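*Asks:* Take this structure first; my questions come after.
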Amino acid sequence: MRSEVITVETGSAPAVRDISAEAHAFVAGETDGLLHVFVPHATAGVAIIETGSGSESDLWRALDDLLPADDRWRHRHGSPGHGRDHLLPALLAPYATLPVVAGRIMLGTWQSLCLVDPNTDNPTRQVRFSFLPA
Amino acid sequence: MRSEVITVETGSAPAVRDISAEAHAFVAGETDGLLHVFVPHATAGVAIIETGSGSESDLWRALDDLLPADDRWRHRHGSPGHGRDHLLPALLAPYATLPVVAGRIMLGTWQSLCLVDPNTDNPTRQVRFSFLPA
Amino acid sequence: MRSEVITVETGSAPAVRDISAEAHAFVAGETDGLLHVFVPHATAGVAIIETGSGSESDLWRALDDLLPADDRWRHRHGSPGHGRDHLLPALLAPYATLPVVAGRIMLGTWQSLCLVDPNTDNPTRQVRFSFLPA
Chain A
150 MRSEVITVET GSAPAVRDIS AEAHAFVAGE TDGLLHVFVP HATAGVAIIE TGSGSESDLW
210 RALDDLLPAD DRWRHRHGSP GHGRDHLLPA LLAPYATLPV VAGRIMLGTW QSLCLVDPNT
270 DNPTRQVRFS FLPA
Chain B
150 MRSEVITVET GSAPAVRDIS AEAHAFVAGE TDGLLHVFVP HATAGVAIIE TGSGSESDLW
210 RALDDLLPAD DRWRHRHGSP GHGRDHLLPA LLAPYATLPV VAGRIMLGTW QSLCLVDPNT
270 DNPTRQVRFS FLPA
Chain C
150 MRSEVITVET GSAPAVRDIS AEAHAFVAGE TDGLLHVFVP HATAGVAIIE TGSGSESDLW
210 RALDDLLPAD DRWRHRHGSP GHGRDHLLPA LLAPYATLPV VAGRIMLGTW QSLCLVDPNT
270 DNPTRQVRFS FLPA
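Protein chains in written order, with the numbering used here: chain A, 150 to 283; chain B, 150 to 283; chain C, 150 to 283.
Given below as structure tokens:
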């Protein structure tokens, strides 16, 4: 298994960072198998959505309703409402698996692989790509 | 890796389509490994739930509350409220992985593999099954 | 593929049970590959979150808002509001995949693998671990 950790800058605002290009580059030259994506953080997740048409900000609007960034949470440290950041990975899991055929990720036309990071206190994140040949 | 795309009719109403039978047929004759399920669409997801006892309509009731199909979303085209369809894959990921032992998917008694499609504008969907022997 | 089912006691109250130790023990001695976690139940899911700082009870607070345990659901049997238990696996999938390098699960410092069980009628649960060497 080839496994590699990349660094992704997510900045100091909630971010949906499209990492499809990094994923495509990682599997280039492989044959068939599974791409495994893993975020080794407790306050970030992965989503496969369309980017560039407004869904990034729509996702924050939805998450702000579903997991309000207020003081209701027991888990408290860092920025106000940070407890909800710790729940995000329960809804948006920190892993994803994608099929690779002949060195190409079989994403649909409108799908992008995204790192979703609500945490404004950690501007730099890691993502582990692993390729399982099969 | 054996990988195959099937076509699933989801019709013109929001659909929870049980595709367990198709998945079982795909792995029949295999030995041990992982079944990977992937939906190459930006407005559909996968859920593993019990079917036939009301949870399909309960799921739409829940999703209509969690992601209302109204005009709050920036991503706008097609049917009214379509922006929420683009958020569904963030909550119900477009992939799933299932263990296969001796050619049988190890689903529990009450579990079914389902394609969840809120999008009334796309009555025909694709699902990619891949088998990773191990 | 090495595959094994363990039994986890979740008791008669909604439970977030940290099963990281069991997962680490399962892959000890392996080399590189993927750990697959699967819950063969229709009313339980998996979450990878930080434990021990309040997020377990925060998760129930969130889930009680997102999927209320009341009589709105069509799927009815067992305890009142049980229909929502059947929706939990749509939001918290009953599977997870984790990268293993040199026999160690590459979880981040603050991440724990958890079985999430809202169902008070089933105090004993099963979890299947499978290791795919690669």
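Just so it is clear, CB atoms sit at the ideal spot from N, CA and C, and this is done for glycine as well.
Quick caveat: nothing in here was measured; it's all calculated off a predicted structure.
(1) Less than 9 Å separating the beta-carbons of A/Leu183 and A/Leu281?
(2) Nearest to A/Val176 by CA position, among A/Val250, A/Gln275, A/Arg274, A/Val276, is which residue?
(3) Among the residues of its own chain, which have a CB less than 6 Å from the CB of B/Pro245, if the five just before and after it don't count?
(4) Can you tell me whether C/Pro229 is buried or exposed? The criterion is at least 16 other CB atoms within 10 Å of its CB, across all chains shown.
(5) What's the gap between the Cα of A/His235 and the Cα of A/Asp220?
(6) Could you tell me the boundaries of the alpha helix (DSSP H) in which A/Asp214 lies?
(7) Short check: CB of C/Ala172 to CB of A/Ser279, under 9 Å?
(8) May I ask you to list, following chain order, the residues of the region 233 to 252 of chain B that have a beta carbon less than 7 Å from some beta carbon of chain A?
(9) Take the Cβ of B/Arg223 as the centre, count every other Cβ of all protein chains shown within 10 Å, and call the residue buried at 16 or more, exposed below.
(10) Can you give me the Cβ contacts of A/Pro267 inside the same chain, cut-off strictly under 6 Å, excluding the 5 residues immediately before and after it?
(11) For C/Pro248, which residues of its own chain have a beta-carbon under 6 Å away from its beta-carbon, when the five flanking residues on both sides are left out?
(12) Would you kindly check if the distance between the Cβ of A/Ser204 and the Cβ of B/His226 is under 9 Å?
(13) Within a Cβ cutoff of 6 Å, which residues of the same chain sit near B/Glu153, ignoring the five residues on either side of it in sequence?
(14) Using 9 Å as the threshold, is the C-beta distance between A/Glu158 and A/Thr258 below it?
(15) Check for me: the beta strand (DSSP E) holding A/Ala245 runs from which residue to which?
(16) Beta-carbon separation of B/Cys263 and B/Ile168 under 9 Å?
(17) Can you have a look at A/Thr192 and say buried or exposed, based on whether 16 or more other CB atoms are within 10 angstroms of its CB?
(18) Does DSSP classify B/Leu264 as helix, strand or coil?
(19) Find the nearest neighbour of C/Leu208 within the set C/Gly178, C/Ala170, C/Gly232, C/Val165, judged by alpha-carbon distance.
(20) Just the chain C side, please: which residues come within less than 7 Å of A/Leu215 by C-beta, in chain order?
(21) Which residues, in order along the region 167 to 189 of chain A, keep a beta-carbon less than 9 Å from a beta-carbon of chain C?
(22) Grab me the residues of C/Leu215's own chain with a C-beta within less than 8 Å of its C-beta, minus the 5 sequence neighbours each way, in chain order.
(23) Answer with buried or exposed for A/Pro261, where buried requires no fewer than 16 other C-beta atoms within 10 angstroms of its C-beta.
(24) For the candidate residues C/Glu199, C/Met150, C/Ala242, whose alpha-carbon lies nearest to that of B/Asp181?
(25) Distance cutoff 9 Å, beta carbons only. Does A/Leu208 sit that close to anything in chain C?
(26) Between the C-alpha atoms of A/Pro243 and B/Ala174, what's the straight-line distance to the nearest angstrom?
(27) Which word fits B/Gly178, buried or exposed, when buried means at least 16 other C-beta atoms lie within 10 angstroms of its C-beta?
(28) Quick check on B/Gly201: does DSSP put it in helix, strand or coil?
(29) Give the interface partners of A/Ala283 over in chain B, defined as CB-CB distance under 7 Å, in chain order.
(30) How would you write the range of the alpha helix (DSSP H) that A/Ala218 sits in, first residue to last?
(31) Whole angstroms are fine: how far does the CA of B/Gly252 sit from the CA of A/Gly231?
(32) Hey, how far is the Cα of C/Gly160 from the Cα of C/Val265?
(33) In this structure, what does DSSP give as the bridge partners for B/His185?
(34) If you draw a straight line from the C-alpha of A/Gln275 to the C-alpha of A/Pro189, how long is it?
(35) Would you say B/Ala211 lies against chain A (beta-carbon separation less than 9 Å)?
(36) In the DSSP assignment, the beta strand (DSSP E) including C/Arg166 goes from what residue to what residue?
*Replies:* Concretely, from the data shown:
(1) yes
(2) A/Val250
(3) According to the sequence as given, residue 245 of chain B is Ala; it is not Pro. Closer than 6 Å at the Cβ level, and outside the excluded window around B/Ala245, lie Val186, Val195.
(4) exposed
(5) 13 Å
(6) 204 to 215
(7) no
(8) His235, Leu236, Pro238, Ala239, Leu240, Ala242, Pro243, Tyr244, Thr246
(9) exposed
(10) Pro163, Asp234, Leu237
(11) Met255
(12) no
(13) Phe278
(14) no
(15) 244 to 250
(16) yes
(17) buried
(18) strand
(19) C/Val165
(20) Leu215
(21) Gly182, Leu183, His185, Phe187, Val188, Pro189
(22) Leu240
(23) For clarity, residue 261 of chain A is Ser in the given sequence; the question names Pro instead. It counts as buried.
(24) C/Met150
(25) no
(26) 30 Å
(27) exposed
(28) coil
(29) Met150, Leu281, Pro282
(30) A/Ala218 -> no alpha helix (DSSP H), and no H or E assigned at all.
(31) In the sequence as presented, Gly is not what sits at residue 231 of chain A; that position holds His. Cα to Cα, the separation comes out at about 45 Å.
(32) 12 Å
(33) B/Thr246, B/Ser279
(34) 7 Å
(35) no
(36) 164 to 167
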